[in-house]
Every structure is written in C-alpha cells, then in structure tokens.
Amino acid sequence: MSSVGSPPVLRRPASRVRRATVGALVTALAGGLLALAPATTAQAAPTLLSQGKTATASSTEGAAFSASAAVDGNLGTRWASAWQDAQWIQVDLGSSATLSHAVLTWEAAYGRSYEIQASENGTDWRTVTSVSAGDGGTDDVTLSGTGRYIRMKGLTRATGYGFSLWEFQVYGTTGGTGPTLPGGGDLGPNVHVFDPSTPGIQAKLDQVFQQQESAQFGSGRHAFLFKPGTYNGLNAQIGFYTQIAGLGLRPGDTTINGDVTVDAGWFNGNATQNFWRGAEGLTLNPVSGTDRWAVSQASSFRRMHVKGGLNLAPNGYGWASGGYIADSKIDGQIGNYSQQQWYTRESTIGGWSNSVWNQTFSGVEGAPATSFPEPRYTTLDTTPVSREKPYLYLDGNEYKVFAPAKRVNARGTSWAAGTPQGESIPLSQFYVVKPGATAATINQALAQGLHLLFTPGVYHVDQSINVNRANTIVLGLGLATIIPDNGVTAMKVADVDGVRLAGFLIDAGPVNSPTLLELGPQNSAADHAANPTTVQDVYVRIGGAGAGKATTSVVVNSDDAIIDHTWVWRADHGEGVGWETNRADYGVRVYGDDVLATGLFVEHFNKYDVEWYGERGRTIFYQNEKAYDAPNQAAIQNGTTKGYAAYRVDDSVNTHEAWGLGSYCNYNVDPTIVQDHGFKAPVKPGVKFHSLLVVSLGGMGHYNHVINDTGASTIPAGTSTVPSTVVSFP
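Going left to right, the sequence shown walks through residues 55 to 784 as the working numbering numbers them.
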C-alpha cells in the first residue's frame, strides 16, 4: 500500500480458479437473462433489486456485522448473526416484485439448512425456496411468485458460529410506477438522416457547422447519419459535438465522393482544442486526393476507408495535439505533420510521415517499425485483445445495432474480409433516450431488459444510471452528455459480463461526486476474460462548461475490462476553472486485474492522473498533461516527493506493462514548479515500460526524471521543448 495519497480499495483475495467459478456463474445467469430478451419487443428481465435497500436481521454478532452489510454490494463486508440457530435477515425491496432468483454468498460460517421466504407486508411469510444440505460458497437459488420483503431464515448452522453472509442478492422485476416502456422509435430532431436523394444535404451540413464550429462548451449535439448509397460533391465540416457516420454494416456500403473535414480556422489555425467529434463507417474519395482530419483529444476516426491520403494537421500546419484511428483503411499516406502524439489501432495504411513526440501503433498494417526514441515510433505487431465499438446501421428499412465480436492478437481491419463478425440487435430492444428523460425512467428501461441508445442532447441525472444486466449496450449518438446532479455517480456497471459503453460524455456537476463512472463495485472478482466490459469513446470532463467537481473520475473494479479510447479531462480552460473551483484529485483508478487500456488520454488532475492497483494491467499509448494551474510547489508536494506522477503503478503490483507513454508539463501559474518524475512504478521483473517521455512545454515547469529516478532532467533543455526519453524500464 502506498504511503501517500488515498489507499487502494482492499480487494478480496481470489485465485484464478475461484474467479473462473464465479465467472461461470455470471455467464450462466447472463445466458438466462438473454434468453428472456425479446425478439421484437422488450419484456421485463430480472435485475438486482436488493442492493442498497433497507435490511434488518434477528440478531448481529456485533456492530461491525449489521444486516445492511449484506446488501451493500461489497464483498469485503458481511452480516453475521448470534451463535444460535433459527436466525434471519430480510430486505425491503421498496415495492412488490416478481421474483426470479437469489444469490447468497456465504462466509465460512454458512447455513446448512435455510429457507427463502417472501411477504407483501413483512408479517405474513410464505416459503419460496428451501435448502436442506447447503455446502457454503455461493448459492444461486430459484425463486417464484411475488413479494416486497424477502427473508433468508436460517434453520441450522454448519459451524459453531452464527449465520454469516457476504452478500444477499435478490433478483426479479418490478412493474415500476408506470406502463412498460417501449423499445425503438424515432431518433429525435438532432439526428439528421440522409439518403442520396435527400435535397439540401450540403446546406444542412453547413448550417450545423456554423452553429458548432466554435461552440466548444455549448449545448448543441448533432449526428449526421448517411444511408447506404453514393453521395457526390459534399464537404462535411465537422464541429464540436458532431458525429458523422454511415448506416451501412460495412464502410463500403456508404460512399462520399467528397470530404469529411476538420480544420482550425475558428482558432487561428491551432487545432489543439479540436475536441469532441467523430467519424465512422464511411468510404471517402477526397476531392484533392487527401482528406483533412486535424483534431486533438476525444475525436475518433473509426471504420473509415479513405481512398487517398489523410492529413492530420490544420491548414497552415499549426499545432495539433493527438487523436485516434481504429479499424480503418487509408490507401495513401497519413500526413502526421504537426501532430504531437497519436494512436492508431488495427488498421491498414499506405504510410506515415513524421513523429514529433509519441506515435504509437498496434495491429496496423503499413505502420513504421519501432524506432523510439528517434523517430518516435512505437509499434506492436498486434493488439492483444480488442472489440470494436457498437454502431447503428440499417438492415433494409430496420434500424439495428451491430455489436462486433472480440478479437485476440488482431491485425488489420475487422471488415477486410467482408462482413465483420458479431451480433445484430434490433432497435426495438433499445430504449431510445431523448432529452428530458429522467434517471428513474432510464433505470426502469434497464430493469425491463432494454439496452440504451442516447440521442444527441444533454441529460441531467439525479440518481446513478445502474447497468446491472450482462451484455447491456449503452450507446450515445452525437456526443450525448450526462451530467450528475447533487453529487451522485453518473453511471455504475455491475460486475457482469459483456457490458458495452460507447459514444457519450460525462460532465461533472457543481456538487462534488465521489466518482463519475464505476465499472464494477468494490472487490469485484468475476472472470470476464471471455466476454469483457468495453468502454469506447466515452469521455469525462470536470469543468470547462461550468464549475464541476469529482474526487475520482473513473474507477475500474471489474477484471478484464477494455478501455478503448477515452479522454478524462480536468479542464484547463473554459468556465468554472481553477485549482479548487474544478477540484478533481484522481483521473482513472484501476483495481481490476487483467485490464487493458488502448488509447488512454488523462489530463490535469490535482493529484494522480492514473493509478493502477490491479495485476497484469496493460496500456498501449498514454497521453498526459499535468495540471497547468497548480499555484505553487507546495500545492503538489506529495510527501517527500515533488509532484504526483502522471501514471503510477502501486508498489503491491507484480506484473504490469505499458507502451508509448508521454507526460507534459505547462505550469503556467508558477513556472518554477518541478516534478520529480512523470511516471512511478515498482522495480520488479514483471513491471515493464517501453517508449516513455516527458516534455517541458516552453520551460513552464520541469521534470527531474522520466520514471522513478531514471531518465534525464528536462531542465537543461530550458525553453526549447525537447523531450527526455527512456526506451525501456527497468
């Protein structure tokens, strides 16, 4: 455990054998839930009803073993009874529910025989399940009927101690406060759907661009969706919070003889603030032979086929500050030019020019070979594990969402051989979320077994969006934005298989949230290697659009999660910006094992930007800037260490590996600030770093070392902005 900063969450020890058992159980449950999913219309599906609800018990062993500890979602706390037979624990679900099953996670002091009972009033009980030969561990028991109050009545103990449960989870369905929510429906006014015969396409593109070109912190959100076919003579200029996508299953289904353009005229030719936009699923024949995509963070380029070159710099070759390409084919050369850093994954390219600071590739056909530190290329032949982002498409006249299959050691595009592998899900199985929808309604839709499709807009939520069902898809269009009110966590994902989060922005509210996005509760231990949770083009922002606060932005407790392209940003400009005004101590904290990050951008946090506590973590490409606005050296003093590392691996970790990492400082309030290092990691054989660098931007602050005490200081470079590099560590 680190001696500085907040301590890591304690994780319940679990062997890989134990995790596999739990994973098998979750997979079985997921299969059962999916079997209940509708073919054409949504029906209610079982969900976890008991967590966080009021629980009482016949007795407790002591104050530390209250009934509430068995329904808190934490496998590190438990209820324990007095050391006598015939004890009970019950939970009030809040309203009557149709019961499905219960999962009892026993401590070593388990029940040999017990009953599960249900009641509508807490007085009149009926038995819905009996167990006469319990053997401890985890029991998944089938329930039937309805009830508001559910009780485990322990009849005989297996040990001399009391009855003791880590967790008592009750699953079922509730009728909610209104009628069953429908799936499907129209996509709302800010989704602009075109076919080749639609009149005025260019005029509509231009109208929206005029609104969005410089609206960096505005509320407008738009998606342009092009039906399969060929479109001639278009120049789609893409501004803030704008998504352009083809509605074909394959990029070749929708062709634009023209351009999809991002430039920086609005910012005097500087592209370092071209954030929050995306292009997907199109084939382009650029008018000049080269398309221009001059972006920085939070701007994805996915499933694109450019029949020509791609220029990543703005007109005039001003600065640009990083971006992301995945699952794309660029026939000609990619002109990197002034791009400071970039990550390209599983694509095919005709060539690449220039390296600046940090250019990283994994699974890219045509990528330059690793030559770091000069040129600054870092190339992996394949990506260890990946699964492409889900996307909306048209199957005839029916909207569906395609969920691509997982790939292992992939190289090149997923569609090179034709139709990609994966599953198509009708839009009728999605709740189409539109502005004005409440968190309660969104959670009701999830409880019914629906997926979520957020249409472009800004959504305030006064309670967490709870994604509890395996294989749930939460997909945003047009950078749909979720703002938590009253300090709640915007979204929580249960420790289940195969959840996919994609295409939305979480914007912190003015009341501090402890977290903004949680993947799995504390002490999650299920094995999801076969079907991981993925987070793709999900961005997090604290400040900029207004004062916002969050102690920790993203917490990853679940094992095997894949974080594929995210920008987690404590704002350095905009409204509501200041060292305490948009306070946010930690960016991303990873406690799960076997977590993979591909394209990780995390910037400006008051303390650690990334902390990693889980085993066997991997990161391919990391981009960071330390907080510009630190008022003085004392404000970032970390015990005896000067500054908080941009990326810290905890001393308890034995195995970790990362490639292509950069951290930059621009302490513009106090340029005399010095960081001891950009990166911090234990010196162990299993902890390995490749291609690291730190940069002082114009001498505004400096680093003494790159990682730990390794790597030259940036101080001798003065104001010349020359990186200090480390090829490998240790």
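Beta carbons are placed, not taken as given, at the ideal position from N, Cα and C, and that holds for glycine.
The continuous beta strand (DSSP E) containing residue 355 extends over residues 353–356.
With the rule of 3 Cβ pairs closer than 8 Å, the region 679–687 counts as touching the region 621–631.
Boundaries for residue 614: no beta strand (DSSP E) harbours it, and the DSSP string shows neither H nor E there. Beta-bridge pairing by DSSP links residue 538 to 515. Contact between residue 444 and residue 554 holds: CB atoms are separated by about 5 Å, below the 8 Å threshold. In the DSSP assignment, residue 497 falls within the unbroken alpha helix (DSSP H) covering 493–501. Under the criterion of beta carbons closer than 8 Å, residue 438 and residue 458 do not qualify as touching, at roughly 16 Å. In the three-state DSSP reduction, residue 319 falls in the helix class (H, G or I). Per the coordinates, the alpha-carbon of residue 279 lies some 30 Å from the alpha-carbon of residue 518. Spanning the alpha carbons of residue 563 and residue 596 requires a straight line of approximately 8 Å. Buried is the label assigned to residue 649, since at least 16 other Cβ atoms lie within 10 Å of its Cβ. Here residue 436 is near residue 464, since their CB atoms are less than 8 Å apart. Taking a contact as a CB-CB distance under 8 Å, the pair residue 664 and residue 702 counts as one, their CB atoms being some 7 Å apart. Of the candidates 632, 645, 675, 632 places its Cα closest to the Cα of residue 658. DSSP places residue 504 outside both helix and strand once states are collapsed to three, so it counts as coil. Look at the beta carbons and you see the region 444–453 not touching the region 402–414: under three pairs across the two are nearer than 8 Å. Counting C-beta atoms within 10 angstroms of its own C-beta, residue 511 has 16 or more neighbours from the protein chains shown and is therefore classed as buried.
Taking the CA atoms as reference points, residue 361 sits about 11 Å from residue 342. With contacts defined as CB atoms closer than 8 Å, residue 712 and residue 676 qualify as a contacting pair. One alpha carbon belongs to residue 529, the other to residue 477, and they sit about 15 Å apart.
For the region 416–497, the continuous beta strand (DSSP E) assignments of 3+ residues that do not extend past its boundaries occur at 431–434, 437–441, 445–449, 452–458, 460–464, 476–480, 484–487, in sequence order. Taking a C-beta distance under 8 Å as the contact criterion, residue 756 and residue 731 do not qualify as a contact pair.
According to the DSSP assignment, residue 279 belongs to the beta strand (DSSP E) that extends over 276–280.
When only Cα atoms are considered, residue 492 and residue 514 end up about 7 Å apart. Taking C-beta atoms as the reference points, residue 619 and residue 590 count as a pair closer than 8 Å.
Shown here, residue 550 sits in coil according to DSSP, grouped into three states, outside any helix or strand.
Leaving aside the five residues that flank residue 109 on each side, the residues in its chain whose CB is nearer than 6 Å to its CB run, in chain order, 121, 122, 125, 145. For residue 131, the closest alpha carbon among the candidates 142, 119, 139, 740 is that of 119. Residue 340 sits buried, since 16 or more C-beta atoms from the chains shown fall within 10 Å of its C-beta. Looking at the backbone, the Cα of residue 332 and that of residue 244 are separated by about 15 Å. For residue 263, there is no enclosing beta strand (DSSP E); the enclosing alpha helix (DSSP H) covers residues 255–266. Rounded to the nearest angstrom, the Cβ distance from residue 630 to residue 602 is 6 Å, consistent with a contact under 8 Å. The residue from 764, 204, 696 with its alpha-carbon nearest to that of residue 175 is 204. Less than 8 Å separates the beta-carbon of residue 581 from that of residue 614. The Cβ-Cβ distance between residue 353 and residue 320 does not fall below 8 Å. With at least 16 other beta carbons inside 10 angstroms of its own, residue 218 counts as buried.
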